[in-house]
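Chains as they are written, first to last, in our numbering: chain W, 122 to 322; chain P, 179 to 705.
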């Protein structure tokens, strides 16, 4: 079943070559596994003291990184008051966790490799220009690396940029607390009363 | 309100979840069908009506009305292949395919077209198909149209669709009203999340219940790994069980024995099963000629709210540019709109931060127009190739060449012109290097300069077709016109993977009609 395919081995080699040439057209995971050479295990731990939910994909380092990225993706749709900011991040992390958990084996592995790479200080600094811990990184620095990934000539970084903006943007704006004020109808009271799937059982 | 699936379960339908079966369970049937979407479910209906014992196998989880809560994140992550993250191997084209009981029919937007006569004629003349003339196919389409209540949508189009209608009318382009497969539709606009009212006549509430009423067995959460052969006969089918969420492997296996096997796992899944099985492929045709209807889009901000998230998601289309340069000429495209739900809009936009926040504040004013490129009709449109990754999962290589890019640029221009003609305040192509343009003149000169390149243009596909293509010449095809595998006598492939080109229209009825014809022939052969 798990056959090792000569095609993908050679494409890894050609990525390194193409990467040096400044034009790669590969998904980032197989390349990052070459660069990072390791991958950590997912860790489940309580979301916060009052919540029994556990993350099924995100580990502690991921949480710190994703929490730093959310306000950058959200821009001025991110609340200004500190207590609302905390609650917005607490609401969004489990949504991102669920989305990542359900991506399927291959994508889960790819994202894991990307995240692990970005947890290694030197690799992170070289690829993003962010050298400090994620929790201490200024939003401008994060926005700057996102912009440079977007316009990179390496497909690797374009794909990573797209993964971050797609997943975090999707999880942020699909939250009824965020989309409701924008005018999105969602589940109205009428529908909630009329449809059996919304009835308490 | 009656939930047809819940009622069926109560009256004793045989519905199994793979994770509840003991390891190494063996299931037996007359016919085992891989995939419960448009192809597999239609085959299940016709074969079980002929008295055959059918086993319908689905990788996704069984989800039905009680799960359909109009929640974008839950729906997208649970009802689609790879949690909506499926992409071509270079990441350039996002691919949306269903992965749930009912397949893509559970999440499609109900848009219904017969296979265009140009496509049927091209298949007959260029690909040598038998039985696919417009006249020969008409009774099969008619039968399915009746069975699935496919009728012209008489409710006025929502604001989003009205933009396409208005813009086309202003420019003298054709704009027609769609046929939809709904019964008692509430016009809510959440078709892509699983129909919350059971109005959509998807496989989940039509052909699958019909088969289950006739003693068919449904097995969900089972990933089909491979066939095992004895000479040229498939002996067994090997499945891996997935957990209750149909997400992670449990480590258990299920084996399936049957007289005949039907592959209907879609245009990526069907070739993948055969590739993993190392099935005979003497002329190297397997996985080739995979088509996508590559889609690009433009986002307009209108002066009045259009609420693209409310109402039938697609009800108007334009075929003005579909066949204009001849069937085998320059790339042609079909024009439609896409529903505008907040998570999807955010994910499709190439921006983030304040720029994205500004776009999202205009959500009710946002019109999203899409163009579906008709691929596979020209020698410079050979389609992509399904391959296996190291872990056995499938991935599609699809090269975007100048032929396609020319069609995509033309589509960016055409859609922008239509949106301005309908009164758009600004229009922005979904493209990393584009911005909001405030007039057609400005847009026209700026779009002409946009690089047509992978990962710059935002592209997606909801219609994967081909990969196990039909033909009477085994050197150029995988199956014959009845879907019978050229080398394996007890295998039929009955889904959109057998289309020798793309359809040139949303493909659900093309699959239903074709499979109704092919499955009827198979039922005669097996009974």
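Heads up, the beta-carbon is just placed ideally off N, CA and C, and yes, glycines get one too. Being a predicted model, the structure only gives us computed values, none of them experimental.
How close, in whole Å, do the beta carbons of residue i and residue j come, if the pair is a contact with beta carbons under 8 angstroms?
| i | j | result |
| --- | --- | --- |
| residue 395(P) | residue 192(P) | 4 angstroms |
| residue 422(P) | residue 195(P) | 7 angstroms |
| residue 401(P) | residue 227(P) | Between residue 227(P) and residue 401(P) the Cβ distance is about 28 angstroms, and since that is not below 8 angstroms, they are no contact. |
| residue 466(P) | residue 563(P) | 5 angstroms |
| residue 318(P) | residue 643(P) | Not quite, the Cβ-Cβ distance comes to about 18 angstroms (not below 8 angstroms), so this is no contact. |
| residue 455(P) | residue 511(P) | Not quite, the Cβ-Cβ distance comes to about 36 angstroms (not below 8 angstroms), so this is no contact. |
| residue 258(W) | residue 189(W) | 6 angstroms |
| residue 766(P) | residue 498(P) | What the structure shows of chain P is the stretch from 179 to 705, and residue 766(P) is not part of that stretch, so it cannot be assessed. |
| residue 289(P) | residue 356(P) | 5 angstroms |
Since residue i is in the beta strand (DSSP E), which residue starts that stretch and which ends it?
| i | result |
| --- | --- |
| residue 572(P) | 572-575 |
| residue 429(P) | 427-441 |
| residue 607(P) | 604-607 |
| residue 564(P) | 563-566 |
| residue 235(P) | 232-235 |
| residue 550(P) | 544-551 |
| residue 206(P) | 203-212 |
| residue 647(P) | Note, residue 647(P): premise wrong, no beta strand (DSSP E); not H, not E. |
| residue 329(P) | 328-330 |
| residue 358(P) | 357-359 |
| residue 474(P) | 473-479 |
| residue 523(P) | Counting along the chain, residue 523(P) falls outside any beta strand (DSSP E), though it belongs to the alpha helix (DSSP H) covering 520-526. |
| residue 514(P) | 511-515 |
| residue 670(P) | 669-671 |
Mind checking which residues open and close the alpha helix (DSSP H) that includes residue i?
| i | result |
| --- | --- |
| residue 252(P) | 250-257 |
| residue 338(P) | 337-349 |
| residue 276(W) | 276-294 |
| residue 320(W) | That residue, residue 320(W), is in no alpha helix (DSSP H); it is neither H nor E in DSSP. |
| residue 170(P) | No answer is possible for residue 170(P): it lies beyond the span of chain P, which begins at 179 and ends at 705. |
| residue 597(P) | 580-599 |
| residue 536(P) | 531-539 |
| residue 357(W) | What is shown of chain W runs 122 to 322, which leaves residue 357(W) out entirely. |
| residue 219(W) | 203-222 |
Which residue or residues does DSSP assign as beta-bridge partners of residue i?
| i | result |
| --- | --- |
| residue 417(P) | 402(P) and 432(P) |
| residue 272(P) | 265(P) and 638(P) |
| residue 412(P) | 407(P) |
| residue 192(P) | 395(P) |
| residue 681(P) | DSSP lists no partner for residue 681(P). |
| residue 663(P) | 657(P) |
| residue 182(P) | Partner(s): none; residue 182(P) has no beta bridge. |
| residue 494(P) | 355(P) |
| residue 289(P) | 358(P) |
| residue 615(P) | 605(P) |
May I ask whether a heavy atom of the ligand ADP can be found less than 7 angstroms away from the beta carbon of residue i?
| i | result |
| --- | --- |
| residue 618(P) | In the structure on display, the ligand ADP does not appear, and there are no ligands present to speak of. |
Going by C-alpha to C-alpha distance, which of the options sits closest to residue i?
| i | options | result |
| --- | --- | --- |
| residue 255(W) | 301(W), 203(W), 236(W) and 204(W) | 236(W) |
| residue 302(W) | 542(P), 328(P) and 279(P) | 542(P) |
| residue 281(P) | 622(P), 686(P), 703(P) and 699(P) | 686(P) |
| residue 691(P) | 583(P), 239(P), 322(P) and 464(P) | 322(P) |
| residue 186(P) | 385(P), 303(P) and 349(P) | 385(P) |
| residue 363(P) | 377(P), 353(P), 560(P) and 683(P) | 377(P) |
| residue 671(P) | 641(P), 209(P), 181(P) and 574(P) | 209(P) |
| residue 271(P) | 331(P), 573(P), 359(P) and 489(P) | 573(P) |
| residue 258(P) | 470(P), 275(P), 292(P) and 513(P) | 275(P) |
| residue 629(P) | 609(P), 641(P) and 701(P) | 609(P) |
| residue 216(P) | 244(P), 203(P), 703(P) and 278(P) | 278(P) |
| residue 215(W) | 238(W), 181(W) and 250(W) | 181(W) |
| residue 349(P) | 592(P), 568(P) and 398(P) | 592(P) |
| residue 272(W) | 659(P), 528(P), 557(P) and 614(P) | 528(P) |
When you compare the CB of residue i with every CB in chain C, is at least one pair closer than 8 angstroms?
| i | result |
| --- | --- |
| residue 610(P) | The structure shown contains no chain C; the protein chains it does contain are W and P. |
The segment 516-529 of chain P: which residues have C-beta closer than 9 angstroms to a C-beta of chain W, in chain order? Those would be 519, 520, 521, 522, 523, 524, 525, 526, 527, 528 and 529, in chain order.
Taking any Cβ of chain W, which residues in the segment 484-512 of chain P have a Cβ under 7 angstroms from it, in chain order? Flagged, chain order: 487 and 488.
Could you name the residues of the segment 303-321 of chain W whose beta carbon sits closer than 9 angstroms to any beta carbon of chain P, in the order they occur along the chain? Residues 303, 304, 305, 306, 307, 308, 312, 315, 316, 317, 318 and 319.
Compile a chain-ordered list of the residues in the segment 530-541 of chain P whose CB is closer than 9 angstroms to at least one CB of chain W. With the criterion set as a beta carbon lying under 9 angstroms from some beta carbon of chain W, the members of the segment 530-541 of chain P are 530, 531, 532, 533, 534, 535, 536, 538, 539, 540 and 541, in sequence order.
Please list the residues of the segment 242-267 of chain P that have a C-beta atom closer than 9 angstroms to any C-beta atom in chain W, keeping them in chain order. Within the segment 242-267 of chain P, the residues whose Cβ lies closer than 9 angstroms to some Cβ of chain W are 243, 244, 245, 246, 247, 248, 249, 250, 251, 252, 254, 255, 256, 259, 260, 261, 262, 263, 264, 265 and 267, listed in chain order.
So if I threshold CB-CB distances at 8 angstroms, which residues from the segment 618-642 of chain P count as touching chain W? Taking 8 angstroms as the Cβ-Cβ cut-off against chain W, the residues of the segment 618-642 of chain P that qualify are 632 and 633.
Near-chain W residues of the segment 266-300 of chain P - C-beta to any C-beta below 8 angstroms: Listed in sequence order: 267, 268 and 269.
Check distances from the C-beta atoms of the segment 565-581 of chain P to those of chain W and list, in chain order, the residues that come in under 9 angstroms. If the cut-off is 9 angstroms between Cβ atoms, the segment 565-581 of chain P has 565, 566, 567, 568, 569, 570, 571 and 573 near chain W.
Contacting positions in the segment 374-397 of chain P - beta carbon closer than 9 angstroms to chain W: Answer in chain order: 374 and 375.
May I ask you to list, following chain order, the residues of the segment 233-267 of chain W that have a beta carbon less than 8 angstroms from some beta carbon of chain P? If you check each beta-carbon in the segment 233-267 of chain W against every beta-carbon of chain P, the ones closer than 8 angstroms belong to 264 and 267.
Tell me which residues of the segment 452-473 of chain P have at least one Cβ-Cβ distance to chain W shorter than 8 angstroms, keeping chain order. Answer in chain order: 454.
Taking any Cβ of chain W, which residues in the segment 423-444 of chain P have a Cβ under 7 angstroms from it, in chain order? The segment 423-444 of chain P vs chain W, Cβ under 7 angstroms: 425.
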